[in-house]
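Asks: So the protein lines, in turn, are chains R and H. Numbers given in this note's numbering equal positions in the first sequence, counted from 1, plus 10. Numbers given in this note's numbering equal positions in the second sequence, counted from 1, plus 2.
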Amino acid sequence: MGLRSKLLAPLVFLGVIFAAILHLFWLPQYVASETLDLQNRELAMMEVVATALIPPLLSGDLAQIHRTLDQLQQRENNWNTLRLKAADGSSLYPIVPLSPTPPGHNNEWLTLPIDFDGQQIGTLDLGIDINAMLARQLAPIRFLELLLLALLLGIIVLAAALQDRWIRRPLKKLADATSHIANGNYKTKLPKASARDEVGKLITTIDSMRSGLANRETSLSKQHALVSAISAAQSRFIRDADVMALFDKLLTDILSISDSEYGFIGEVLYRDDTPYLKTLSISNIAWDAESQKFYAEHAPQGLEFSNLDSLFGAAIKNGTTVIANDPATDPRSNGLPDGHPPLDAFLGIPFYRGDKVIGMFGIANRANGYDQALIDFLAPITATCTQIVEALKADRQREQAEQQLRERETRMRTIFENVVDGIITTNQKGVIETFNHAAENMFGYAAADVVGKNVSMLTPMGHRHQHDAYIKDYLKGRESKIMGAGREVEGIRKDGSAFPVDIAITEMWIGEDRYFCSIMRDITDRKKVDRMKNEFVSTVSHELRTPLTSIRGALGLVGSGKVGELPAKAQPLVDIAVKNCDRLIRLINDILDIEKIEANKMEFDVQSHDLVSLVNNAAEVNRVYATEHGANIVVSNGTPDVMVMVDEDRFTQVMTNLISNAAKYSPEGGTIRIATQSRNGGVRVSVSDEGPGIPEEFHKDIFSKFSQADGSDTRKRGGSGLGLSITRAIIENHGGQVSFETQDGKGTTFHVDLPEQAQTIAAADSKTEQQPGPGIMTARILVCEDDADVAHLLRLLLQAHGYVIDVAHSVGEAKALLATHEYAAMTLDLILPDQSGIDLFHDIRQNDKTRDLPVIVVSAVADREARQLSGDAIQVVDWIGKPVDEHRLISAVARSTRQSPAAPLHILHIEDESDVHEIVSNILGGTYKVSNARTLAEARQMLAGEHIDLVILDLGLPDGSGLLLLPELAENTPDLPVVLFSAADVDAKTASGVTATLVKSKTTNDILIDTIHKTITSHAGLAKEA
Amino acid sequence: MKIHYLKMLRAVSIVLVICVAAPVSAAGETLRFGVVPQFDARKTRMVWQPILQSLEEQTGIKFELVGSPGIPEFEKQLMAGDFDLAYMNPYHLLKANEAQGYIPLVRDIGRTLFGIIVTRKDSSIRTIHDLDGKTVAFPAPNALGAALIPRAEFGESYKINIQPAYVKSHSSVYLNVVTGQAAAGGGVQKTLQSQPENIRNALRVIYKTPQVAPHPVAAHPRIGEETWSKISKAFLQLGDTQADRELLARIPMKQAGQASLDDYEPLRQMGLDKYYVH
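(1) So if I threshold CB-CB distances at 7 Å, which residues from the stretch 88-103 of chain R count as touching chain H?
(2) At the level of alpha carbons, what is the spacing between P337 of chain R and I248 of chain R?
(3) With a 10 Å radius around its C-beta and 16 neighbouring C-beta atoms as the bar for buried, classify G970 of chain R as buried or exposed.
(4) Does the stretch 859-871 of chain R touch the stretch 811-822 of chain R, meaning 3 or more C-beta pairs lie closer than 8 Å?
(5) So, is N378 of chain R buried or exposed, given that buried needs 16 or more other C-beta atoms within 10 angstroms?
(6) Buried or exposed: R633 of chain R, going by 16 or more other Cβ atoms within 10 Å of its Cβ?
(7) Suppose contacts are defined by Cβ-Cβ distances below 8 Å. Is L67 of chain H in contact with L57 of chain H by that definition?
(8) Please report how far the alpha carbon of A768 of chain R lies from the alpha carbon of Q617 of chain R, in whole angstroms.
(9) Measuring from the CB of I561 of chain R, is there a heavy atom of the ligand NAP at a distance below 7 Å?
(10) Considering only the alpha carbon of each residue, which of R:A309, R:N335, R:S343 and R:L122 lies closest to G323 of chain R?
(11) State the CB to CB distance for the pair G640 of chain R and S670 of chain R, rounded to an integer number of angstroms; the pair is presumed to be in contact (CB under 8 Å).
(12) Taking only the alpha-carbon atoms, compute the straight-line gap between H383 of chain R and I373 of chain R and give it to the nearest angstrom.
(13) Taking the continuous alpha helix (DSSP H) assigned at D7 of chain R, which residues delimit it?
(14) Taking three-plus beta-carbon pairs below 8 Å as touching, is the stretch 239-252 of chain H in contact with the stretch 193-208 of chain H?
(15) Skipping 5 residues on each side, what residues in its chain have a beta carbon closer than 6 Å to that of A98 of chain H?
(16) Identify whether F41 of chain H lies in helix, strand or coil by the three-state DSSP scheme.
(17) Determine, using beta carbons only, whether F28 of chain R comes closer than 8 Å to chain H.
(18) Just the chain H side, please: which residues come within less than 8 Å of I105 of chain R by C-beta, in chain order?
(19) DSSP state of Q39 of chain R, grouped into three classes?
(20) Given a threshold of 16 other Cβ atoms within 10 Å of its Cβ, counted over all protein chains shown, does V989 of chain R qualify as buried or as exposed?
(21) Please tell me whether A73 of chain R has its Cβ less than 8 Å away from any Cβ of chain H.
(22) Identify, in the order they occur along the chain, each residue of the same chain with its Cβ nearer than 6 Å to the Cβ of L828 of chain R, setting aside the five sequence neighbours on each side.
(23) What in chain H is Cβ-close to S69 of chain R, meaning under 9 Å?
(24) When the Cα atoms are used, what is the spatial distance from R128 of chain H to F140 of chain H?
(25) Which residues in chain R sit within 7 Å of A139 of chain H, going by Cβ to Cβ distance?
(26) With which residues is S971 of chain R paired in a DSSP beta bridge?
(27) Using a Cβ-Cβ distance under 8 Å, would H33 of chain R count as near chain H?
(28) On the criterion of 16 or more Cβ atoms from any shown chain inside 10 Å, does E118 of chain R qualify as buried, or is it exposed?
(29) Just curious, the alpha helix (DSSP H) that Y675 of chain R is in, first and last residue?
(30) Alpha carbon to alpha carbon, what distance is there between L79 of chain R and P198 of chain H?
(31) Closest to F237 of chain H by C-alpha separation, out of H:Q260, H:H280 and H:R252, would be which residue?
(32) Output needed for I6 of chain R: all residues of its chain with C-beta closer than 8 Å, excluding positions within five of it in sequence on either side, in chain order.
(33) Helix or strand or just coil, what does DSSP make of F116 of chain H?
(34) Distance, Cα to Cα, V926 of chain R vs D535 of chain R?
(35) DSSP three-state call for Y286 of chain R: helix, strand or coil?
(36) Pick out the complete beta strand (DSSP E) segments inside the stretch 132-194 of chain H, 3 residues or longer, and give them in chain order.
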């Protein structure tokens, strides 16, 4: 809809509305009201007439009526028809037949009844042409209407004309002009803005907008040029290697954008810390043939300018932008060479990296000179130049670095490929990443065959999942079973053959990824050597130990007086033999231990133990030895309730070693102090002596094999010289450390540091010790001892063997306890506070209940009293002097408690060496019935035929290893306890299949008895329980 | 009018004559000329003033034209002898003669007076007898030709009863008949002829009454014979000149002639008194 229509529409609209209202509402109403008025008027008139007519009507004077009505009708133009009717309806006026109705029609009949005295005497009818009448009334109205209409039309036309002139035409012109402007034609003519109204304002505004647009366009195109230049430079840089062409283009763009004549872009390089400019691009302003030649030859590589005493030099030297719009008079300028084109204005802008100038560009001869506005405008391109120059430098550096890296890599690779050991790297999941040459040779695979596959393909089936499990465990943070050095695994070659591999795995991090690097060595040969060595060792151990067992056993028996009294002269000789035998045994054991340690074959049964009890036990065990050397042991407990994870036996071995060393070097009457303390998250056990100390020159060799401080002392001191090295090895295998402190002449202290709950690296599956719990052994022993320490000691000793102990500190207590409890045996100290132990003894024997109670006298005055009591037919199981010989005590108790069962227990000793058997049966015969089987077959026979309570099994039998019997025994007689008694150390696995293991020559007689007894009674207890 | 009344009237009139005559006897006094108000006062004046003027000229007697508001007033004045001279209808003459002794001087001898009975042309009424019990319109009860005579006729001669409607004017009568308000109407030929054509054409005359001498100019005896003769003569001379004839024609008097009481005898015979409404 055009503007005209828009502007006029309201007018027209209103006009129409007005006309409509006028014509359709007002007029009809007017007409109606006029009609009504008319009617009323006529009626009023008629009433008057009617009233006038009443007399003549009444008198019948029709002439009068006629005269009157004729007059009226004549006078009243509107009264078309006038009729008077009589009361009966007959027409009085006009005369019937009616006079002809005048032209025009009556469209309105007014009827007025003429009443007189309440009676209608006639009717006056008037016919009028209302329309005609109205028409006359309305004529002026209609005229007015038409006039208004005409007026409205006139207004519309006028309005339209004026709008056209004042609004539409200028606007149209403006619209045309602005469309020109929109198309970019800024020169288009605008209509004159003469009026001060909105249209005029619009024209003025558009005019200024036009000029603004024109200006902006110009500046935009300049900016566009700038941006294009930048992006062209950048993309070029990314695309091409032709740096020079890039800079040439960049320079050209800069010159055109800045309306400059010539210029350069250059890099600032350093020679001996002095900067110089090397151009990357420079305008060719060569002014003669010579300079042309110079330019052509040198410009592509870049011209170097070291002399910085110039306008551009100022930019480099000072690091500031240089504007010189009057170079001739500028102090920084150093003149121009002859023939150089004129320099009217100069702008130099340096590029920075941090605070170092890395380059610049210089441009010259802009009309009207250079200003800050241009510098600001050029800022983006300046930045681009900076970036590109920087990038250039960086690229250069990178190339150098890459070169170096490549060289290094080649070197490393050569090493890698040429080592003797196989090196395999895998990722976290075990997928092989690298496989060096040696590995290829070792496994028979080419690297390409294995890279990308899982490393488990190199291990045999059975070990594969183990390996994966180890890795998984390790990854989960559990103890590394395979990390670190010296694990032995089996590898599978491509041809399927297996071979032993010594493997050391380390983890390494490359970035954020974890990899494993395994270094492997084919140890087939070493294994062979090891095997040979082991065979030798086992042979030696067997060959040496067996006879030694016999010798020792026999000597022991003879020396202990169990097989009869020795002549007085014989006793010391036998003692000598026994001692030396022991020494030999110890030596052999040490050697074998060392061997084991060196082969990493020492196995540890690591359990959690209370440190202090261990220490105390060790102290006790060695107390006698210490006493023999004139030293006493003092234990100080600095770590109550501290647990350590150690192999009990080995720990005791360590303690024994340290204590015996301390004892050996203690002076007469000296004190050996054993202390425990918590330290650095672990524990420290210290053993101190008051000996001469360790000389300085010996310090470094102290833990070496076969080393002793004083060679001359060796025989006097005894010992094999292997103790400390074994100690150290054991402790180190427990994850601990051994160290010492010594002061010449004052004493030496050895420290054993263990982590609390120390973890050993080579822990095998732990062997569950069959500890008979208190519930199984019901043997109750009464200890009657007034000395608290001794009582405590006795209690510990006996409890360790599974007995239930009650302690009485006096005769009275003892009697009370005896009355209320059943005891299998009792120990009796003769010196008691309230009564003599002998008296108690008599009382016990007189009491029916306790008449047969086995009594073991444990007293300091054992011998003397023994004589006193010897006359009585008393049963004293044994006399044990203080300090208490533990084993003797235990044996006694065991013997005494064993006497309850009716028949002596039957032991089958499967052993082919008759000498050994002789010893064993001598040792055990007093208490048990001992049978012998020399072969497996014999053993089987006997097992089948007789009731056996316990089997002592040797491994080295003529018809097979004793181990072969184990499964049979497990199947046929699962409850039959088996004690292995062999020359060889038994590995954990085998040991787990039997109730107990004893090693010949390592086992003293007492230990033998003890073990047997324990085993039997525990099983007897079980049997009893069952 | 009853006869006893006439007697009384005679007596009174004598007295009145004396009373009146005395002044009249005095020489050069104005004579009171009364005119029966057939027309309105203005017209009456218009008609009679020139005539009296002329008479004045002729006789040298001054006349005073005395109007009467209406016929009843005229009759009263007349009976009272108020007028020295008067133009009256024949019946009035009789009565006035009886009452005051008025003597008719001149009358129109060119015509006679009679009444007509008209009906609508389409009326079923043909004879007077048909009018029995019907409504008949008359101008006024005492209008001599139009009403009095016909009414006397109806009653005396035809012995019918009619419902008279006194509609004030002759025109009314005709209109009443034409509009059917009256079965018939009484009027005079003259007035009928002067009706508009459509009315005239719508009517039919069904009866003419016996004729009677028309209106005389009568003099009260008190003026004396000499006077009345003079006047009479003058009057008659009026008929000589054309101009005066025209004047007289307006009375209307076509031809002035001597009037005598005997002319009106037949009227007396009609027994109109009975039908005269006072």
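C-beta atoms are modelled at their ideal positions from N, C-alpha and C, and glycine is treated no differently.
Replies: On the basis of the coordinates in this document:
(1) A96, S100, S101 and L102
(2) 38 Å
(3) exposed
(4) no
(5) exposed
(6) buried
(7) no
(8) Only weak support exists for where A768 of chain R lies, its pLDDT of 43 falling under 50; the coordinates are left without a value.
(9) For the ligand NAP, the structure offers nothing, since it holds no ligand at all.
(10) R:S343
(11) That belief does not hold up - the Cβ atoms of G640 of chain R and S670 of chain R are roughly 14 Å apart, past 8 Å.
(12) Looking at the sequence provided, one finds Ala at residue 383 of chain R rather than His. One C-alpha to the other measures close to 15 Å.
(13) The first residue shown for chain R is 11 and the last is 1036, placing residue 7 of chain R beyond what the model contains.
(14) no
(15) L80 and Y104
(16) coil
(17) no
(18) L177, V180, T181, N200, I201 and A204
(19) helix
(20) buried
(21) yes
(22) T860
(23) A167, Y168, V169, K170 and S174
(24) 18 Å
(25) G70
(26) R:G966
(27) no
(28) buried
(29) E658 to Y675
(30) 15 Å
(31) H:Q260
(32) The question about residue 6 of chain R has no answer, for chain R in this structure spans 11 to 1036.
(33) coil
(34) 38 Å
(35) strand
(36) 137-140, 165-168 and 186-190
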